[in-house]
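Structure first, then comments.
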Amino acid sequence: MSRYPKQLRQLLGEVREHEMTVLKDDGLYRHLRFKRPGSSLYWFDIITWPWHLVIDGDLQSFHFSREEDMLPWFESSGDISPDYWAEKLRGPTVSKTYSPEMFKRAVFERFWEDREYRSDCGLENAPLWREIRSDLLDIAEWGEEHAHAALNDFQFDGYAFTDWYDMNFRELDHHYLLSCHAISWGIRKYRAAQAVAA
């Protein structure tokens, strides 16, 4: 089972009537199209050439570069490996986006990690947590810039978030995960067609 079942379910629902068209299949040069006949919703192409794989179409476009033949590299893990795959992205692209939930989790984790320091300073947890909730957690939905500014400006009874810029507020982007699942799904369809033809 995938670590990202929400995106997998969405993709499988959207591609259930897709057909594969092989536009080019010449060694490492491949152009595979996955599309529902008569529709342009959720269609995508997987294009490979030595050292490169691109997914393009109605999903977001991503360009990966890692090995001479990219298909075995994407198949090697058995499931998608979006964090590792993101390390091989080329060009300006977004694989991670700000997440209010990640912001809240990071703030809570820092609050928890600093409990001994607060105890040594005589700072009580309950009033501090109320202030954190009202000044930080309640603005999490406002966006990454507001979150950074709020952390930078936060002060309560001598407590401040230090080194907050090391905190992670980003998670893998939903569209990137859809594209990762589409690559994996498309390669499986291509391999199945090759097996039938053999």
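Residues in the sequence shown are numbered from 18 upward in steps of one, following this note's numbering.
Think of the CB as a built atom: it goes at the ideal place given N, C-alpha and C, for glycine as much as any other residue.
Continuous alpha helix (DSSP H) stretch holding residue i: start and end
{"i": "methionine 87", "result": "87 to 92"}
{"i": "glutamate 36", "result": "Unbroken run through glutamate 36 is the beta strand (DSSP E), 36 to 43; no alpha helix (DSSP H)."}
{"i": "valine 124", "result": "117 to 130"}
{"i": "leucine 168", "result": "161 to 170"}
{"i": "tyrosine 101", "result": "99 to 103"}
Start and end residues, beta strand (DSSP E) containing residue i
{"i": "tryptophan 66", "result": "61 to 66"}
Which of helix, strand or coil DSSP assigns to residue i
{"i": "tyrosine 21", "result": "coil"}
{"i": "arginine 208", "result": "helix"}
{"i": "aspartate 152", "result": "helix"}
{"i": "isoleucine 200", "result": "helix"}
{"i": "arginine 187", "result": "strand"}
{"i": "aspartate 73", "result": "strand"}
Straight-line gap, residue i to residue j (C-alpha atoms, nearest Å)
{"i": "arginine 205", "j": "histidine 35", "result": "13 angstroms"}
{"i": "isoleucine 200", "j": "methionine 87", "result": "11 angstroms"}
{"i": "histidine 48", "j": "glutamate 158", "result": "41 angstroms"}
{"i": "tyrosine 115", "j": "arginine 187", "result": "4 angstroms"}
{"i": "leucine 195", "j": "tryptophan 202", "result": "10 angstroms"}
{"i": "leucine 168", "j": "lysine 121", "result": "11 angstroms"}
Interface flag, residue i vs chain D, CB-CB below 9 angstroms
{"i": "aspartate 190", "result": "As a matter of chain content, chain D is missing from the structure shown, which is built from one protein chain."}
Expected contact under 8 angstroms - CB spacing of residue i and residue j to nearest Å
{"i": "proline 67", "j": "leucine 45", "result": "5 angstroms"}
Count Cβ pairs between the segment 128 to 148 and the segment 168 to 176 that sit closer than 8 angstroms; are there 3 or more?
yes
Would you call the segment 62 to 78 and the segment 148 to 155 in contact, with 3 or more CB pairs under 8 angstroms?
By the C-beta criterion, the segment 62 to 78 is judged not to be in contact with the segment 148 to 155, since fewer than 3 inter-stretch pairs fall below 8 angstroms.
Validate contact between the segment 119 to 133 and the segment 208 to 215 using beta carbons, cut 8 angstroms, 3 pairs:
no
Are there three or more Cβ pairs, one per stretch, closer than 8 angstroms when the segment 177 to 189 is compared with the segment 77 to 85?
no
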